[in-house]
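*Asks:* When we follow my numbering, the leftmost residue of the sequence shown carries the number 184, and every step to the right adds one. Just so it is clear, CB atoms sit at the ideal spot from N, CA and C, and this is done for glycine as well. Source: prediction; values computed, not measured. Attaching a single structure in structure tokens format; questions to follow.
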Amino acid sequence: MTIRTRKFIGAIALLVLITVYSFAAMMVAIALQVNASKWVEVIYYIVAGLAWTIPAGAIIWWMQQLDE
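Printed below as a string of structure tokens:
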């Protein structure tokens, strides 16, 4: 697979990841908001705000691999 094709697929994958992840994080945040203290919410937003970078980094790493 050429690097150009991988970058195209990776860009689509990143868009899907960010969209799905943001909706999932929003739904969990709504569920937490009902019964949680403010500190639980703060910790959740910190973790949720950074957790997407791990799979995004893996996708970007895959996109940068040299042609076979």
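1) Could you give the first and the last residue of the continuous alpha helix (DSSP H) run that contains Trp222?
2) Could you tell me the distance, in whole angstroms, from the CA atom of Ala219 to the CA atom of Val225?
3) Between Leu125 and Tyr227, is the Cβ-Cβ spacing less than 8 Å?
4) So Leu293 packs on Trp235, CB below 8 Å; how close in whole Å?
*Replies:* Short version:
1) Working through the sequence shown from its first residue, we reach residue 222 at position 39. Note, Trp222: alpha helix (DSSP H), 221-234.
2) Position 36 of the sequence shown holds residue 219. Position 42 of the sequence shown holds residue 225. Whole-angstrom Cα-Cα distance: 10 Å.
3) The requested residue 125 is not part of the displayed model; the chain covers only 184 to 251.
4) The chain is shown from 184 up to 251; residue 293 falls before or after that span and cannot be answered.
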